[in-house]
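For the sequence shown, position 269 matches number 269 in full-length UniProt numbering, and the numbering has no gaps at all.
Beta carbons: idealized from backbone N, C-alpha and C, even for Gly.
Values in this document were obtained by computation on a predicted structure and should not be read as measured data.
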Amino acid sequence: MQNKTEPSRQLSLFEGVDLAILAIEPPSIQPPATRPQRPRPSGEVPAPLATPLAPGVAPPLVSQPAPPSAPPRIAPPQEPTPPATRRYDDGTHRFDYTLRRASRRSIGIRIDDQGIVVSAPRWVALGQVQSALADKAAWVVRQHGLREQRHRAQQATRIDWREGGRLPYLGRTLTLRLGADGSTARLQDDAGELHLPLPADSDARRVRDTAQAWLQREAMALFQQRTAHFAQRLGVVVRAIKLTSASTRWGSATACGTLRLHWRLLHFSPAIVDYVVAHEVAHLREMNHSPRFWQTVGGLFPEWQTARSELRHSLLPPWE
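What follows is the structure, given as structure tokens:
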């Protein structure tokens with residue numbers, strides 16, 4: 001199941017251009033011309049050998065030393081060409097983008113945390129890339145603006161890891177309290193407080209790690225409970241539940257009955273948690289996203305469409 005927080009967008013703009021490869025015949029090699037022999041004047045006698053040979057004995061072969069071979073030439077290692085940052089400007093729309101060359105047959109546009117990334121075949125000219133961008137310039141500017149707006153809103157949800165910090169938990173907000181007795185974190189439900197067994201002057205990293213350990217324990221307990229509920233209703237067997245922190249998926253399921261669920265779902269409402277769990281349990285019956293799959297999800301959790309829309313518009317606080 002894909003992470004609905006902000007999916008990467010990729011649009012194919014340039015399809016199926018064939019690259020012609022011309023076969024070149026290697027040049028033929030002619031044998032070297034032999035030097036014509038100078039005719040020997042009549043009566044000329046060849047020079048005698050230094051040592052007379054016995055009749056019937058061939059002259060000894062004299063081996064000549066081979067010339068020293070040149071050392072092999074080793075090409076210096078080539079550094080990979082870094083992606084180029086370029087500017088698109090047609091007078092109406094203007095933006096910077098990163099151009100990456102890749103082994104592919106189309107031009108793709110992706111808008112992510114790194115900005116606007118254009119992937120193009122190595123053999124496509126820059127003019128063709130610019131032409132492809134011209135066709136989608138308005139879309140790129142609009143989507144990039146929405147991405148930046150969402151990023152600013154997400155940064156506003158940053159958690160302050162200290163005494164009095166605010167932690168989203170199952171659709172509400174807990175206040176962090178330091179200095180609790182004992183060795184484990186404790187939720188004071190009626191007060192909406194999470195008490196951590198840490199000194200009041202603990203650094204932010206230590207507070208975050210302690211809160212994370214508590215959230216992961218809570219996530220596993222809740223996932224086990226809700227998975228058992230939906231699996232019993234559907235009549236399937238869940239063999240294992242594992243926590244994940246994948247950046248692009250809230251959950252996944254394998255045919256052998258293993259579910260992986262993102263522990264940070266606990267920032268969201270119980271309805272969102274139920275939707276994701278029901279979604280993955282339904283995959284144990286239908287390993288696809290066919291109409292029959294969505295009917296199965298609806299049978300387990302009728303409010304799935306409302307919860308999915310809520311998840312798509314929810315902001316996940318930066319975990320820093």
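Need the endpoints of the alpha helix (DSSP H) that glutamate 303 sits in, please. Looking at the DSSP string, glutamate 303 is not in any alpha helix (DSSP H), and its letter there is neither H nor E.
Check: Between which two residues does the alpha helix (DSSP H) containing histidine 289 stretch?
Finding: No alpha helix (DSSP H) holds histidine 289; DSSP gives it neither H nor E.
Arginine 142 versus alanine 102: straight-line alpha-carbon distance, rounded
Whole-angstrom Cα-Cα distance: 26 Å.
Test item: CB-CB of aspartate 189 and arginine 226 under 8 Å: The answer is no: Cβ separation not under 8 Å.
Runs of 3 residues minimum, wholly inside the stretch 127-171: which ones carry the beta strand (DSSP E) assignment? If only complete runs of 3 or more residues are kept, the stretch 127-171 shows the beta strand (DSSP E) at 166-169, in order along the chain.
query = Which residue from Gly115, Ala255, Gly192 puts its Cα closest to that of arginine 87?
reply = Closest by alpha carbon: Gly115.
What is the C-beta distance between serine 245 and histidine 262, in whole angstroms, given that I count them as a contact (C-beta under 8 Å)? With a Cβ gap of about 7 Å, serine 245 and histidine 262 count as contacting.
Contact under 8 Å by Cβ, isoleucine 159 with valine 129: Going by beta carbons, isoleucine 159 and valine 129 fall outside the 8 Å limit.
Same chain, Cβ closer than 6 Å to phenylalanine 268, neighbours up to 5 away in sequence not counted:
Cβ within range, chain order: Ser314.
**Asked** Measuring CB to CB, does methionine 287 end up less than 8 Å from alanine 255?
**Response** Yes, the Cβ-Cβ distance between methionine 287 and alanine 255 is below 8 Å.
Original post:
If you draw a straight line from the C-alpha of proline 199 to the C-alpha of leucine 178, how long is it?
Top reply: The C-alpha of proline 199 lies about 6 Å from the C-alpha of leucine 178.
**Q.** Cross-strand partners of histidine 195 (DSSP beta bridge)
**A.** In DSSP, histidine 195 forms a bridge with Arg177, Arg186.
For this session: Along the beta strand (DSSP E) that carries isoleucine 107, what are the first and last residues, could you check?
Result: Taken as a continuous stretch (DSSP letters only), isoleucine 107 belongs to no beta strand (DSSP E), as it is neither H nor E.
Would you check if there are 3 or more beta carbon pairs closer than 8 Å linking the stretch 204-223 to the stretch 234-249?
-> Enough Cβ pairs lie closer than 8 Å, so yes.
query = Roughly how many whole angstroms lie between the Cα atoms of alanine 231 and proline 270?
reply = The C-alpha of alanine 231 lies about 17 Å from the C-alpha of proline 270.
Using only alpha-carbon positions, find the residue among Glu303, Glu280, Pro197 that is nearest to valine 236.
From the listed residues Glu303, Glu280, Pro197, the smallest Cα separation to valine 236 is found for Glu280.
Worksheet entry | Cβ pair leucine 194, leucine 176 closer than 8 Å | If you check the CB distance, leucine 194 and leucine 176 come in under 8 Å.
Report buried or exposed for serine 247, applying the criterion of at least 16 other Cβ atoms within 10 angstroms of its Cβ.
-> Under this definition serine 247 is an exposed residue.
- request: Enumerate in chain order the residues of its own chain whose CB-to-CB distance from glutamine 216 is below 8 Å, with the five nearest sequence positions on each side excluded.
  value: In chain order, Leu243, Trp263 place their CB closer than 8 Å to the CB of glutamine 216, counting only its own chain and leaving out the 5 sequence neighbours on each side.
Since arginine 264 is in the alpha helix (DSSP H), which residue starts that stretch and which ends it? Element bounds for arginine 264: n/a, residue is neither H nor E.
Report buried or exposed for alanine 282, applying the criterion of at least 16 other Cβ atoms within 10 angstroms of its Cβ. By the 10 Å Cβ count, alanine 282 comes out buried.
ask   = How should isoleucine 29 be labelled, buried or exposed, when 16 other C-beta atoms within 10 angstroms of its C-beta is the threshold for buried?
value = Reliability of the predicted coordinates at isoleucine 29 is poor, the pLDDT of 37 falling under 50, and no value is obtained from them.
Cut-off 7 Å between Cβ atoms - residues of its own chain near threonine 210, not counting five sequence neighbours on either side = Closer than 7 Å at the Cβ level, and outside the excluded window around threonine 210, lie Ala185, Leu196, Leu198.
What are the residues that DSSP puts in a beta bridge with tyrosine 88? BP columns for tyrosine 88 point to Phe95.
> Are the stretch 150-158 and the stretch 117-137 in contact at 8 Å, needing three or more beta carbon pairs?
Replying inline: The stretch 117-137 and the stretch 150-158 do not touch, with fewer than three beta-carbon pairs separated by less than 8 Å.
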